[in-house]
Amino acid sequence: MIMNRIKARLGLVGIVVLTIIPVLIWVGMRPLDSRFAGFAATVTSLGEITALLGMSLFSLNLVLSARFKFMEDYFGGLDKSYIFHHLIGGLTFVFLLFHPLVLSLKYLQISANSAAMFLLPGASWDTNFGIFALFSMMLLLVFTFYIKLPYQNWKLTHKFLGLAFAFGLFHMFLITSDVSGSAILRLYMFTLAGLGVMSLVYRVVLVGILVEKLDYVIEDVKELGDEVVEISLKAANKKMKFSPGQFVFINFMHEGVGKEVHPFSICSSPEEEILRLGIKSSGDYTSRLKILKKGVPAKIEGPYGRFSHRWLASNKQVWIAGGIGVTPFLSMARNLKEADYEIDMYYCVRNEAEAVFMDELMVLSHDNKNFRVIPCFSEKEGRISAQKIDESSHVKKDGKMVLICGPLPMMKSLKEQFTAMGVKKRMIRMEEFKLL
Amino acid sequence: MVRKLVSISLFVFWAVLVSILTAGLVFKQNNITGDVTGGGNNNSGNISGGGVILTASEVAKHSSANDCWLIINNKVYDVTNFLSIHPGGSGTIIPFCGQEATAAFDSKEKNPAVPHSQTADNLLNQYYIGDFNQAINQPGNQTQNPPPGNNTGTPGNGTGTPNNTITLTPVEVAKHNSVSNCWLIINGNVYDVTNFLNSHPGGANTIIPYCGQEATAAFDSKDRNPAQPHSQTADALLANYYIGMLGQAVPPQNVTQPPPANPPGNTGGRGERDDD
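Chains as they are written, first to last, in the numbering used here: chain G, 5 to 440; chain E, 96 to 371.
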């Protein structure tokens, strides 16, 4: 267990180390005093450092975005790696914004005009590419940070960041700098960038050929309540092997619904012949899913996720499901044959009408005396609190692990409440549904 | 939280960018066609207007790191304020101060020749004084602001023929013989390495014994037997401290005055770090 926890940190450590290495090489190239002797030297150095950090992080972020399965263990799950991707993306952008800005200050010593000329595109392609890279990045990231687009459209804008990266590469290649002047620094930066490019090509260009997707066919589409649809699929050939609690990326070959790829948690047990997905209509795509019918083919990629009752330090667990966050727990509950788990599951929704899986959970609980299901309806009893859960389940006293999956504000709030009560952070595991 | 950081950075970026573009494009200065717009461009108190002809001997008077003119393609440029910003380093330009520099500029002294970029050409124009062998142009075409942080004494006097000068005789050099004021004579050139002592990879103590004196042999051999020459990087670094040639008269601005009879040998350096 400890090995897994250490392993889960290694991804981030690796990124930090790989980003710092070029800065260390740069520091070793000349006496540090000469780098910061005077205004011109200092801003030049800052300009160089921001470029090294920005380009390294950009390259590594591309690798992260390719969602290589083998990397999941090093980040503690794909949902976590996407959180890092978002954070690193923001940092990359900030560093690259300051890079030309800081360098332009050098030219202020001459005149404001020369500083302006430095920042504008002109006849020099070495700097032009840099300007194109930064401004294309800025334009595209508006859709990630500020303007909300339909998911599929947003995804396209995000993929075009690869173009911004390419411009940045041309810039790094043509510009006279410490990178061009040092063989080892050049080798390092272009190797990292090469890894980034390969990851991009793998995930965006060659996805049809290189990424393994399994063929499935819809068996049944059931509407549960007003907002939830349960889709059952059968494997056409190879069956997906997964652990309870994991999720997959799926796209349906259906014109009306659209062929876009989306992630959903599997709510069936791995032993079942049928693969089940429980989906809530929360956006334009998910609202269309109810028109799917038996016989529609689909492609599934996965499984991903490190959220499962099987991989925890303790078999005494508390599961807290908020709304559609119940889906991974369904898979786990349906797989809970062994008597050596002691589970208290809190199924939290607004009202009874929303508790679409309650019947099934009650049956499972009835069959297993170590599996307790406690419904909580926020409209009646108010929001669930860590206090109430601890009173009923003795989380702290019995050293129980807590698994939470639901709306982000709910998960964050519960985690804070539990840690305030003295429950250790490593005893709480959350699954982030929203990958964006 | 990421979004907040991005928003703040974007705000700063655009604020600075717009400021620079406004200041740089609206209040345009240093236009090559001599069209001087905006206010206050007259660099008064400088060369008496129009009277000086940019002959070779006139240009040759401006041949040091503190006062550096170049002749490139029959135009004369005062690049004094540019030396510290030159991407290729000041050491590549300084040897050409006061002289014809077209070939060097067009080739960056490389073989095969490496020409300068358009950006560089545009930058160079900012330093245009006048045409070779013609009278100096309007004073407004000269560099406007002395670079911040440089202790140029009289305002606007980065380029003029200096009135008081110091002649770099061996006697004069010998006055600068302490750790707080250290000049060296290397290959007929005089360098003020006071501010370099603490950065010297070989330690301050290897240099201090030579302050105020001839140091060519020591520099060329690192005082080792067999001789160990300094690297090209070191040569380039050294050039940053160039004051003038032995025997030359230089303006006193950037020359630190020797303190009254301070006993040398007080290390104050970074410690006894030996060369590798």
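Each residue gets a CB set at the ideal place from its N, CA and C atoms; glycine is no exception.
Identify each residue in the stretch 403-428 of chain G for which the Cβ-Cβ distance to at least one residue of chain E is less than 9 Å, and report them in chain order.
-> none
What's the C-alpha gap between Y172(E) and C192(E)?
-> Taking the second sequence and counting its residues from 1, one reaches residue 172(E) at position 77. Taking the second sequence and counting its residues from 1, one reaches residue 192(E) at position 97. So the alpha carbons of these two residues sit roughly 10 Å apart.
Can you tell me which of H398(G), E305(G), G134(G) puts its alpha carbon nearest to the alpha carbon of S175(G)?
-> On the first sequence, position 171 is the one that residue 175(G) refers to. Sequence inspection shows His at residue 175(G); the Ser mentioned does not correspond to that position. The residue with the shortest Cα to Cα distance from H175(G) is G134(G).
Should A198(E) go down as buried or exposed, given a rule of 16 or more other Cβ atoms within 10 Å for buried?
-> Counting from 1 along the second sequence, the entry for residue 198(E) is found at position 103. A198(E) comes out exposed.
Relative to the C-alpha of F171(G), which residue among K298(G), V27(G), M59(G), G212(G) is closest?
-> Looking up residue 171(G) in the first sequence gives position 167. The option with the nearest alpha carbon to F171(G) is M59(G).
Which residues mark the beginning and the end of the alpha helix (DSSP H) in which S417(G) is found?
-> Taking the first residue of the first sequence as 1, we reach residue 417(G) at position 413. It spans 412-425 - the alpha helix (DSSP H) in which S417(G) sits, taken as one unbroken run.
Inter-stretch contact at 8 Å, needing at least 3 Cβ pairs: the stretch 149-160 of chain E / the stretch 336-343 of chain E | yes
Burial state of R338(G) (16 or more Cβ within 10 Å) | Working through the first sequence from its first residue, we reach residue 338(G) at position 334. When all chains shown are included, R338(G) counts as buried.
Buried or exposed (CB count within 10 angstroms, at least 16 for buried), S69(G) | Sequence index remark: in the first sequence, residue 69(G) carries index 65 (1-based). Result: buried.
Can you name the residues that DSSP bridges to F251(G)?
-> Sequence index remark: in the first sequence, residue 251(G) carries index 247 (1-based). Its beta-bridge partners are S269(G), Y308(G).
Check Y286(E) in the structure and name its three-state DSSP category.
-> For the purposes of this step, residue 286(E) is taken as the residue at position 191 of the second sequence. The answer is strand: DSSP assigns Y286(E) an E or B state.
With a 10 Å radius around its C-beta and 16 neighbouring C-beta atoms as the bar for buried, classify V121(E) as buried or exposed.
-> On the second sequence, residue 121(E) is found 26 positions in, with the first residue counted as 1. Exposed, by the Cβ-count rule.
Based on Cα-Cα distance, which residue from P182(E), F227(E), I166(E) lies nearest to H211(E)?
-> Your numbering for residue 211(E) matches position 116 in the second sequence. Of the listed residues, the one whose Cα sits closest to H211(E) is P182(E).
Within chain G, the residues that G119(E) reaches when beta carbons sit closer than 8 Å = Position 24 of the second sequence, counted from the start, is the residue given in the question as residue 119(E). Residues of chain G passing the Cβ test: S115, A116, N117, S118, A119, A120, M121.
Label G94(G) either buried or exposed according to how many other C-beta atoms from any shown protein chain fall within 10 Å of its C-beta, with 16 as the threshold for buried.
-> Your numbering for residue 94(G) matches position 90 in the first sequence. Buried, because 16 or more other Cβ atoms sit within 10 Å of the Cβ of G94(G).
Tell me which same chain residues have a C-beta within less than 6 Å of the C-beta of G326(G), skipping the five on either side of it?
-> Within the first sequence, residue 326(G) is the residue found at index 322, counting from 1. Cβ within range, chain order: C352, G410, P411, M414.
Using the C-alpha atoms, what's the distance from M257(G) back to Y150(G)?
-> For the purposes of this step, residue 150(G) is taken as the residue at position 146 of the first sequence. For the purposes of this step, residue 257(G) is taken as the residue at position 253 of the first sequence. About 31 Å.
Which residue comes first and which comes last in the beta strand (DSSP E) that contains S236(G)?
-> Numbered from 1 along the first sequence, position 232 holds the residue referred to as residue 236(G). It spans 232-239 - the beta strand (DSSP E) in which S236(G) sits, taken as one unbroken run.
Report the residue from Q250(G), I25(G), T96(G), N117(G) whose alpha carbon sits nearest the alpha carbon of Y192(G).
-> The residue labelled residue 192(G) in the question sits at position 188 within the first sequence. Closest option to Y192(G), Cα to Cα, is I25(G).
Taking C-alpha atoms, which residue in I295(G), P267(G), F246(G) lies nearest to G260(G)?
-> Along the first sequence, read from residue 1 onward, the residue named residue 260(G) stands at position 256. That would be I295(G), whose Cα lies nearest to the Cα of G260(G).
Cross-strand partners of G282(G) (DSSP beta bridge) = Indexing the first sequence from 1 puts residue 282(G) at position 278. DSSP output for G282(G) lists E234(G) as bridge partner(s).
What residues of chain E sit near V98(G), judged by a beta carbon separation below 7 Å?
-> Here the question's residue 98(G) lines up with position 94 in the first sequence. Those within 7 Å of V98(G) in chain E are L100, V101, S104.
Starting from A55(G), find everything on chain E with Cβ-Cβ shorter than 9 Å and list it in chain order.
-> Locating residue 55(G) in the first sequence gives position 51, where the first residue counts as 1. Simply none; closest approach about 14 Å.
Out of G282(G), A119(G), F102(G), state which residue places its alpha-carbon closest to the alpha-carbon of G329(G).
-> Counting from 1 along the first sequence, the entry for residue 329(G) is found at position 325. It is G282(G) whose Cα lies nearest to the Cα of G329(G).
Applying a beta-carbon distance threshold of less than 9 Å, which residues of chain E neighbour G172(G)?
-> Your numbering for residue 172(G) matches position 168 in the first sequence. By Cβ distance, chain E contributes nothing, its closest Cβ being about 16 Å from G172(G), past 9 Å.
Separation of Y111(G) from A215(E), as counted between CA atoms | Locating residue 215(E) in the second sequence gives position 120, counting from the first residue. Locating residue 111(G) in the first sequence gives position 107, counting from the first residue. The alpha-carbon atoms of A215(E) and Y111(G) are separated by roughly 12 Å.
Is the CB of F200(E) under 7 Å away from at least one CB in chain G?
-> For the purposes of this step, residue 200(E) is taken as the residue at position 105 of the second sequence. False, the Cβ-Cβ gap to chain G never drops below 7 Å.
Taking the beta strand (DSSP E) that I151(G) falls in, what are its first and last residues?
-> Within the first sequence, the letter at position 147 stands for residue 151(G). First-last for I151(G): undefined, no H or E at that position.
6 Å CB neighbourhood of Q343(E) in its chain, flanking five on each side removed = Here residue 343(E) refers to the residue found at position 248 of the second sequence. If we look at Q343(E) and ignore the five residues flanking it on each side, its Cβ neighbours are L263.
From the DSSP output, read off the bridge partner residues of D219(G).
-> Translated into positions along the first sequence, residue 219(G) becomes position 215. D219(G) is bridged to K303(G).
Rounded to the nearest angstrom, how far is the Cβ of V252(G) from that of P301(G), given a contact under 8 Å?
-> Taking the first sequence and counting its residues from 1, one reaches residue 252(G) at position 248. Taking the first sequence and counting its residues from 1, one reaches residue 301(G) at position 297. Not a contact, Cβ separation roughly 15 Å.
How big is the Cα-Cα spacing for L145(G) and K99(E)?
-> Indexing the first sequence from 1 puts residue 145(G) at position 141. Indexing the second sequence from 1 puts residue 99(E) at position 4. For L145(G) and K99(E), the distance between alpha carbons rounds to 14 Å.
Within 10 angstroms of the Cβ of E395(G), are there 16 or more other Cβ atoms? Answer buried if so, exposed if not.
-> Within the first sequence, numbered from 1, the residue matching residue 395(G) stands at position 391. So E395(G) ends up on the exposed side.
Buried versus exposed, by CB contacts within 10 Å (16 or more), M7(G) | Position 3 of the first sequence holds residue 7(G). Looking at its Cβ environment, which holds fewer than 16 other Cβ atoms inside 10 Å, M7(G) is exposed.
How would you list, in chain order, the residues of chain G whose beta-carbon sits under 8 Å from the beta-carbon of T214(E)?
-> Numbered from 1 along the second sequence, position 119 holds the residue referred to as residue 214(E). The contacting residues are M121, F122, G126, A127, S128, T131.
Give the straight-line distance between the Cα atoms of S286(G) and D230(G), rounded to the nearest whole angstrom.
-> Along the first sequence, one-based indexing puts residue 286(G) at 282. Along the first sequence, one-based indexing puts residue 230(G) at 226. Roughly 12 Å separates the two Cα atoms.
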